[in-house]
């Protein structure tokens, strides 16, 4: 998957979120989409990966969820991911912010289905 | 503002994020947009509010940032917000998840401007 997706992650808190908010440049849309899809696939193979949620509308927001800080460090140091980060800074992003946050509480709502 | 927006918040960690991911029903688009805009305006008046980022593409992701947990509790208990939450469960959302997370670290990137 690239952007969009469903509500993710059935793990109970505490766990970690990597909040990546970005402003795209006008360049390299096709390569960017391909790399995004590839990074989602790659992240899903990493130990400690719990899920990802993503949407772009003006700004892009991608939140990946991880079991612990060690899992996030390993993902940040993955060779394929480092290359994507380099291209991101060089070509695809005008600006981004990456936040690492500890999810402490969580509340769910699902509408009862009509019988 | 409603959805979209810019990269927000110049506060240094630690601070808090309320991550709200949602799946919309097919109902009440106009009222939903109006209420979203109103809630953004109302949140911005609350003590401890730091900023908000939002995008919808398939799923909706809205992240509001707050100075501390007390600010978040006050926002959740605001009368106007409680009414919006009630309508959200009754009409606008099929499903949502709300996560409260402590932002521990943050990294920024901005592309150097061409001279």
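Residue numbers (the working numbering), protein chains in the order written: chain A, 971 to 1085; chain B, 971 to 1085.
By construction, the Cβ of each residue, glycine as well, lies at the ideal position given by its N, Cα and C atoms.
Measuring CA to CA, which of the options is closest to residue i?
i	options	result
residue 1067 of chain B	A/1003, A/1013, A/1052, A/1076	A/1076
residue 1030 of chain A	A/1070, A/1043, A/989	A/989
residue 1065 of chain A	B/1046, B/984, B/1016, B/1080	B/1080
residue 1027 of chain A	A/985, A/986, A/1040, A/991	A/991
residue 994 of chain B	B/1078, B/1057, B/1082, B/1046	B/1057
residue 1078 of chain B	A/1082, A/1015, A/1032, A/1069	A/1069
residue 1082 of chain B	A/1082, A/1059, A/1083	A/1059
For residue i, which residues from the same chain have a beta carbon less than 8 angstroms from its beta carbon, with the 5 sequence-adjacent residues on both sides left out?
i	result
residue 972 of chain B	Bear in mind that a pLDDT of 39 at residue 972 of chain B, under 50, signals an unreliable position, so the model cannot answer this.
residue 997 of chain A	1061, 1062
residue 1044 of chain B	1016, 1017, 1018
residue 1041 of chain B	986, 1016, 1017, 1018, 1019
residue 1048 of chain B	1012, 1016
If residue i sits next to residue j, beta carbons under 8 angstroms apart, how far is it from one beta carbon to the other, in whole angstroms?
i	j	result
residue 983 of chain B	residue 1073 of chain B	5 angstroms
residue 1014 of chain B	residue 1071 of chain B	Incorrect: roughly 20 angstroms between the Cβ atoms, too far for contact.
residue 1046 of chain A	residue 985 of chain A	The pair is not a contact, with the Cβ atoms about 17 angstroms apart (cut-off 8 angstroms).
Note down, in chain order, each residue of its chain lying with its Cβ closer than 7 angstroms to the Cβ of residue i, except the 5 sequence neighbours on either side.
i	result
residue 1050 of chain B	1012
residue 1054 of chain B	1005, 1009
residue 1039 of chain B	986
Please work out which residues of its chain come closer than 6 angstroms, Cβ to Cβ, to residue i, disregarding the five sequence neighbours upstream and downstream, and give them in chain order.
i	result
residue 981 of chain B	1020
residue 1032 of chain A	990, 1024
residue 1052 of chain B	none
*Relative to chain A, which residues along the segment 1063-1079 of chain B have a C-beta separation below 9 angstroms, given in chain order?*
1063, 1064, 1065, 1066, 1067, 1068, 1069, 1070, 1071, 1072, 1073, 1074, 1075, 1076, 1077, 1078, 1079
_Interface positions of the segment 989-1022 of chain A facing chain B (Cβ-Cβ less than 9 angstroms), listed along the chain_ = 989, 991, 992, 993, 995
*asked:* So if I threshold CB-CB distances at 7 angstroms, which residues from the segment 1036-1066 of chain A count as touching chain B?
replied: 1059, 1063, 1064, 1065, 1066
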